[in-house]
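I have placed the structure first, in the form of structure tokens, so that the comments after it can refer back to it.
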Amino acid sequence: MKEYSDIEAKQSGNRAVLVIGGGMGGIRAALDLAESRRDVVLIDKSYSIGGLMTRLDRTFPTNNCDLCTISPHLSESGRQLLIDLKPMTEVEKVEGEAGDFRVTIKTKPRYIDVEKCTACGECVEKFPDWVHFTPGLDPRAPTCMRYPQATPYAFSVDAEKVTDFKALQEVCRAGAIVPEDRERTETLSFASIVLATGAELFDPSVLDNFGGGKYDNVVTGLEYERIMSASGPTQGWLERPSDRKRPSRVAWIQCVGSRGINSADVPYCSGVCCMYALKEAIVTRERFAEDIETSIFYMDMRTCGKDYELYLNSAVDDYGVRLIRCRPHSVVEDPETGNLSITYATDEESCHKIEVFDMVVLSTGFRVDEQVLELAGRLGIDLDEHGFAQTENFKPVATSRPGIYACGVCESPKDIPETMIQASAAAAEAGIQTPPAPQEQEEEFFPPEKDISGEPLRVGVFVCDCGANIGGVIEVDELVRNTGGLAGVELAEAVGYGCSSESINRMEQLITAKGLNRVVIGGCSPRTHETKFQDMMRRCGLNKYLVEIVNLRDQDTWPHMDQPEDAQEKAFRLMEMGISGISKARPLTENTLPINQNVLVVGGGVAGMNSALLLADQGFRVYLVEREKELGGLARNIRTTLEGEHVGAYISDLIEKVNSHNRIQVMTRTIIVDHKGRPGRYTTGIQTGRGMHYMQIEHGVAIMATGALANRPSQYLLGKHDKVMTQMDLDVKIEDDPQSVRDMDQVVMIQCVGSREPGNPNCSRICCQSAVKNALRLKDANSEMQIFVLYRDIRTYGLYEDYYREARRRGVRFIRYEPEKRPEVRDAGEGLEVGVYDPILGLPLEISADAVILSTGFAADDETTEDLSMMFHLTRSDDGSFLEDHVKLRPSDMSVPGFFVAGTAHSPKSIRESITQAQAAAGRARSLLARQVINLGAAVAKVDGAKCAACLICVRVCPFNVPFINADGYSEIDPALCHGCGTCAAECPARAIQLMRYEDDQILAKLEGLFERMN
Amino acid sequence: MITAVRKPMEEIIACVSPYDRILLAGCNECVSVCSVGGRKEVSLLSSALQMHFLKQGKTLEIQEVTLERQCDPEYVEELVNSVDSADAVLSMACGCGVQTVAARFREKPVFPAVNTAFMGASERQGVWSERCQGCGDCVLGITGGICPIARCSKRLMNGPCGGSTKGKCEIDTDIDCAWQLIWDRLKALGLENRIEEIMEAKDWRTSRDGGPRKIVREDLAS
Amino acid sequence: MSNTFEPEIVAFCCHYCAYTAADMAGSKRLSYPPNVKIIRVPCTGKVDAIHIMKAFQKGADGVYVAGCLEGDCHFKNGNLRAARRVQRVQALLDEIGIDSRRVEMITMSAGMGERFAKTAREFTEKIRELGPGPVKAAERDFGLSAAG
Amino acid sequence: MKTESRLEKVLASGALAVTSECGPPRGARPEKIKEKAELLRNCVDAINVTDNQTAMVRMSSWAACIIIKQMDLDPVFQMVTRDRNRLAMQADIIGAYSHGINTMLCISGDHPHFGDHPMAANVYDLDSVQLLQTAVKMREQGVFQGGKDIDNPPKMFVGAAANPFADPFELRVLRLAKKVRAGADFIQTQCIYNPDKFEQWMEGVRGKGLHEKVYILAGITPMKSAGMARYMKNRVPGMDVPDEVVKRMESVPKEKQPEEGIKIAVESIDRLKEVKGVSGFHIMAIEWEEKVSEIVERSGLMPRPEV
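Protein chains in written order, with the numbering used here: chain A, 1381 to 2395; chain B, 3 to 224; chain C, 15 to 162; chain D, -17 to 289.
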């Protein structure tokens, strides 16, 4: 593409990007960069990557088990050839500048050869103190792996403790112990650096009042996760540490170590604790026992993420989680019973109350890791007063040093989706300085495929125990024995954690050694791990469709865990099914199509423009369509951010850049009228300009950045009294008419107007910050001004908490109200009268106000998203915003391949957050475009012309109008267009159509296998 | 195309019950197209019969064969080998096919598994309707391409009877009044006056009334 | 065969909804009878009437087809076609004297783990009441085994 | 005069003709047909005898005609093309004529679907128009439809039916024209409850001058009850019963409804008398023959002219 030329100028030949930190953020960033064909070096100071999330049990709001959702990503990062993974490695120093950094990294000795170590555990068996041990609660020696699917899969030795290396070497049959292993230092050059070092969790033992680290049954949120986790110390059985009994009353205490309540606390809000406490409470009741009492002691419920408010409501309404708004004073243990009594006082009655619980969970938040502070010094980047990487609102992932980007919790406290978005954004930015690597063919990754036609059937059967998940319920060995005897089975083996690198290597060896030509894996769901095992096949030179995953875990040992015998029987039957099914499988070739390299961006607001610029800067042609007559969107009505940056200037500069960009075609006054095509090759019809001229845009990806509406509910006299206005109105007034503002003596702000209520149940996220922002600006204008903020929960999440504290310090009065007792705003001629009930004073207040400011927040642009989702077949959330593909791991991707979402079209966001997601969406789009071709899979319908009666039934029933009767007079199905639903195959009266991978004989073979012994 | 519908299982079961080994013959022509006698239906019927008899305590052997066309002796010849190992033939072809098979294998009982219905056209997926009665003297040229013989319940040749209501036939509101269709079509063609010409009493000799019909093409026949 | 009758049930589940719902049921540890064995298909639109018939012929006592909720089919209308096919099989079964309640069409969304477990329980119970299917009945009554 | 038909004479005299009908019994009960016919003596000029009406098996039309003829009354021999092929029909025409039956009506007849032998083959070797042609041809040219000479050809006064209300309406006049062209001498229409639509049809008829080529007898059927009105409206194809008529029947108590039905019949006769081109009335009092004389009386059509 010649358009590259002018970019390459500012790009050094250096392609590599350094990613520091192997947590979710780091992995996401590394994957994005690798997918967009940038070389990546991923380092982590720990001995295996995965970070915090791998220690969680399930994640809100989907309550999925994360090991299952994340491990494919981890193994993916292992697979990506462009990623060089370096555990136990840290940065020494960084020289040079953006585009040409020279980074010295130091890798600690592991004393174990990762390639050789089979994690048999013998070493720890013998010398527990010498070998690394999992921190926290996990008593499962032997393993130093934080979680079962650890990457890489190996131990590490604590050399200081080792007194006799010989002895250690003797126990290791694999000969993996390397006493002479030494620390290695190397200097590599990088174009850019992504910092994703995350943070530590607060250790509550420094607090004396809650008994953290003192009482057995007081645990941190993370420890509680481990207790519930299937891979945890109790294999997912909920028991309290003191007596291994199932607790019947569990309490959570929020903000432990955060929001500056205690001396040892950090001032900021950790942003995740409210949701994880709710999740833990819900899962406790959902999975363990309805009758376990769950109570949460909190100050403000900060459920301000996408659909989080619904999650809060269902916790209370559906799961009966009890919420107590207060600051608990102390936790005291009864030494006899190990029970714990919590002393607390609520706003309503000031007298102290005492309640007894079996178990107390301390919701501890994030702490900046001391080592990261040093690292920041070595990187030469500024940190804020809390020790988080300093960034700007309009450059949300750029640190103070050009070419170094930050994402995840090391930038500020945030949850997984936020981290994933920021990671993709950082990757997107970091990738700009580096041209993509030349396109390798997948064949280069894998050996050529063997021709197995004519070979006798040699099926290999491998059964995972998935830790306790399978092995804890059924006798894996017995299953292996029984399946070993089945027809066509060459060998059967138990492989522990089948998805672990070690087991995979073992299987690969066996496949090659025994010349297996079909493989059946008894493990977890093919939905999560199929790709992984298909890659395994390909590495063995076998077609990826010659492996069958039998879903022993999700569909046998999990649901039937309490009927082990039946589960055993069923497992065998399922294996028989899989074996006879795969026996009929044929090697299949996949269809690929080149991806159109153009980009369609829908919506010309902050998000849309940022995505457009980022992609255009990298040589892609971008079509930016905007419904309005000018660019800018909602942000045009915003003057400043909470931190005080000037939004107006930013927007006009952005618009200028976009309009003058030679690769962006801006089309205002434009609507989308039709859409067709397949992933990678879309054609979208638009009508543009005054004349509504029709034209068609060919594009490979699309970014939905259609924004949201500024909510203006007709409540509290809004629109009826000129002294009642929204925060947005006020923001403008302060800027444009300062005098009138200065003259105000008393101002009342009302929060959650039109949000968190029926019709718009979600939290608008930004209102609390805007209220605080404007309150402070009013104080600047007139320090004497009396400001009352009537709120339900103050949700100044993360670092915004500072401004909340500041506002309180400067005398802004925050008065809470319950939705049942809403404030009243009455017309008092010139001014207004506001009535509200103060729960602390316990009496109604009357406030006369010169102005009433309503925090009205956002409303989803239901009409627009509905039209577009119809046209593009996209999914939406109930509130009418666009729905992402995976709320945790793919927050900017949409369900239709090649479609991405950014900004408030996804959920309420600050400008900063919109920009971040815009960059993320652009980055994800770039990754997809970098693939050049899109894989359409192999499960397509094929017609046997000899059998076809040309009856047209397939032509008529195909939901996508693909089949046609060709010149030779029989039906033909273009594999590039076939979606692979198989409807035609099922309807064909001549049985002339087969859906590859699901051929009739394969399905019948499965049935035969299933009923083997009956026939 | 020739359309057909499967006979009630009861009837089919009655036919085959005396036998232990059945040759089930489908046809890949018309009956496949109208989803009644192709490979798919053959396997379905086979499976259904076997299960039925299994319930009766009898294992019924069924060979499934689907011929390209059962109304051509050459194709029927393909049954030669399989037919010996069967006590009877169950054909899912139209009457023509069944008879061709019966004619070829005189010593074997042959049963129809479908009722041959009519010469029809498919209106849409799964819907077929009668279009032609093979009267042997086509009047479509006069009646604007709609046949009153096949499509008027009374085969009226000179316009609609008094029962035509809102374009539908008096015997069933699902049936279009052929004469309404003809009238609309003639109007569209600007040939209204056609309707006034009396169509004389029809000579039915060319149709079935003239006795079984036969076509002999001297130029082709051997 | 043991005198206590344990039904054999085949469930054809579409990849996008029912199969995922089954996984969901598993991950939530929702228990349902192990009698249900799942065969994964891309879409219930792929489930051929003959597959259902063969399942019975091979020894199933009950079969159900589980797809996406109406209007949610990943392939537009595969689930609706499947539903009609199931009806046809039901009619055919009735004709040959096999209780048509032995086959059923069920719909659910990917998130409905509870529904998957519930329907699995209910269906199994129903079949348990209906007793052995054609093959097992023949085995019991005549010592015959299935053909085809 | 083309024929000996009394009906033809009355019509030729310019007087408004009146015909009625009676359905033969469903069994060998000659007395039944006699009773019915007797009720019509002196109040009508001719009595239609239906032919397996509504596709139900009854005493054959021509046999019943003979009985009526023997009572010295004038039957109109109805013949449907549904049940017989052209041989049988021509044979019956000759047979009937040999018994002095000189007036006939050619119709296609209801489809067997409606009757008690839905499984019967429906012949329709000829349609009504072609039967008309055949009967006229036998009279005028003295030959059979097949072309061979007839030894003393039957001279039938040949009528046909017309339904002004069936669809497509625009075809209804053309259809009449066709029957006229085929040689119809008189027309008996479907019973009329919607005079406006009938007059609209008559306009078309006059427009083509058909009223001068053929005698048109307007069909009248008195309704016994609101139930019958509803039935006719909803169930009988090609029947046009406006809502107000049904309402009117419903508006009166059950026991008064028969009287109301008669009133309506009389009123419509009075109105249709004034319509140019109407040459008489065909009163079809289904299983209610006893009321015909009253209707004729009250419509001032008595006494019937002597011809």
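Backbone N, C-alpha and C define an ideal beta-carbon position, used for all residues, glycine too.
None of the values given here were measured: they were computed from a predicted structure.
Practice task
Would you check if the distance between the CB atom of F1677(A) and the CB atom of A1631(A) is smaller than 8 Å?
Solution key: yes
Practice task
Confirm the yes/no value for this check: CB of V0(D), any heavy atom of the ligand SAM, distance under 7 Å.
Solution key: Within the structure as shown, the ligand SAM is missing, as the structure has no ligands at all.
Handout entry: Distance, S1710(A) Cα to N2396(A) Cα
Key = No answer is possible for residue 2396(A): it lies beyond the span of chain A, which begins at 1381 and ends at 2395.
Handout entry: Secondary structure of W181(B), DSSP reduced to three states
Key = helix
Handout entry: Alpha-carbon to alpha-carbon, D2054(A) and A2298(A)
Key = 24 Å
Practice task
For I1784(A), count neighbouring C-beta atoms within 10 Å of its own C-beta (all shown protein chains included) and say buried if the count is 16 or more, exposed if not.
Solution key: buried
Handout entry: Residues that F2252(A) bridges to, as DSSP identifies them
Key = Paired residues: none, contrary to the question.
Handout entry: Spatially closest choice to T208(B) from L62(B), N160(B) and G138(B), by CA coordinates
Key = G138(B)
Exercise for the section: Taking all protein chains shown into account, decide if S37(B) is buried (16 or more other Cβ within 10 angstroms of its Cβ) or exposed. Expected result: buried
Handout entry: chain A contact for C31(C) (CB, 8 Å cutoff)
Key = no
Problem - Interface flag, F19(C) vs chain B, CB-CB below 8 Å - result: no
Problem - Buried versus exposed, by CB contacts within 10 Å (16 or more), E1383(A) - result: Interpretation of E1383(A) is limited by its pLDDT of 36, a score under 50 that renders its predicted location unreliable; the figure taken from the coordinates is listed afterwards. Exposed is the call here.
Problem - Host beta strand (DSSP E) of T118(B) (start-end) - result: V116 to R126
Problem - Same chain, Cβ closer than 8 Å to L1587(A), neighbours up to 5 away in sequence not counted - result: V1636, G1637, N1642 and A1644
Handout entry: Host beta strand (DSSP E) of W1510(A) (start-end)
Key = Counting along the chain, W1510(A) falls outside any beta strand (DSSP E), and DSSP gives it neither H nor E.
Exercise for the section: Anything in chain D within Cβ reach of T208(B), meaning under 8 Å, just list it in chain order. Expected result: Near T208(B) there are no residues of chain D at all, since even the closest Cβ is about 14 Å away, more than 8 Å.
Exercise for the section: Flag this pair as touching only if the region 2130 to 2148 of chain A and the region 1978 to 1993 of chain A have three or more C-beta atom pairs under 8 Å; answer yes or no. Expected result: no
Practice task
Kindly indicate which three-state DSSP category A1987(A) falls into: helix, strand or coil?
Solution key: helix
Handout entry: Start and end residues, beta strand (DSSP E) containing P12(D)
Key = Looking at the DSSP string, P12(D) is not in any beta strand (DSSP E); the run it does join, the alpha helix (DSSP H), is P12 to L22.
Practice task
Return the bridge partner residues of H2073(A) from the DSSP annotation.
Solution key: T2068(A)
Handout entry: Selection from G1718(A), G1868(A), C1920(A) and F1774(A) that minimises the alpha carbon distance to L1890(A)
Key = C1920(A)
Handout entry: Beta-carbon proximity list for K2159(A), same chain, < 6 Å, skipping 5 on both sides
Key = R2190
Handout entry: Cβ of K9(B) within 8 Å of any chain C Cβ
Key = no
Problem - Rounded straight-line distance, which links the Cα of E1550(A) to that of D1493(A) - result: 15 Å
Handout entry: Through-space distance from P1508(A) to R1629(A), alpha-carbon basis
Key = 36 Å
Exercise for the section: Can you pull the chain D residues whose beta carbon is under 7 Å from the beta carbon of E198(B), in chain order? Expected result: L156, A159 and K160
Exercise for the section: Consult DSSP for G1757(A) and reduce its assignment to one of helix, strand or coil. Expected result: helix
Handout entry: Exposed unless 16 or more other CB atoms sit within 10 angstroms - verdict on Q2119(A)
Key = exposed
Exercise for the section: Check whether the Cβ of K42(B) lies closer than 8 Å to any Cβ atom in chain C. Expected result: yes
Handout entry: Under 9 Å from the C-beta of N160(B): neighbouring residues of chain D
Key = D109, S110, V111, Q112, R157, K160, K161 and A164
Handout entry: Cutoff 6 Å; reference E2392(A); Cβ partners in own chain excluding five residues on either side
Key = E1956
Practice task
Answer with buried or exposed for A1893(A), where buried requires no fewer than 16 other C-beta atoms within 10 angstroms of its C-beta.
Solution key: exposed
Practice task
Out of G128(D), A78(D) and R64(D), point me to the one whose CA is closest to G97(D)'s CA.
Solution key: R64(D)
Handout entry: Pick from I2174(A), M2165(A) and E2137(A) that is closest to C2147(A), judged by C-alpha positions
Key = I2174(A)
Problem - Cβ distance (whole Å) where C2358(A) is taken to contact V2320(A) below 8 Å - result: 4 Å
Practice task
Could you tell me which chain D residues have their CB closer than 8 Å to the CB of Q135(B), listed as they occur along the chain?
Solution key: Result: empty, since nearest Cβ-Cβ is about 12 Å, beyond 8 Å.
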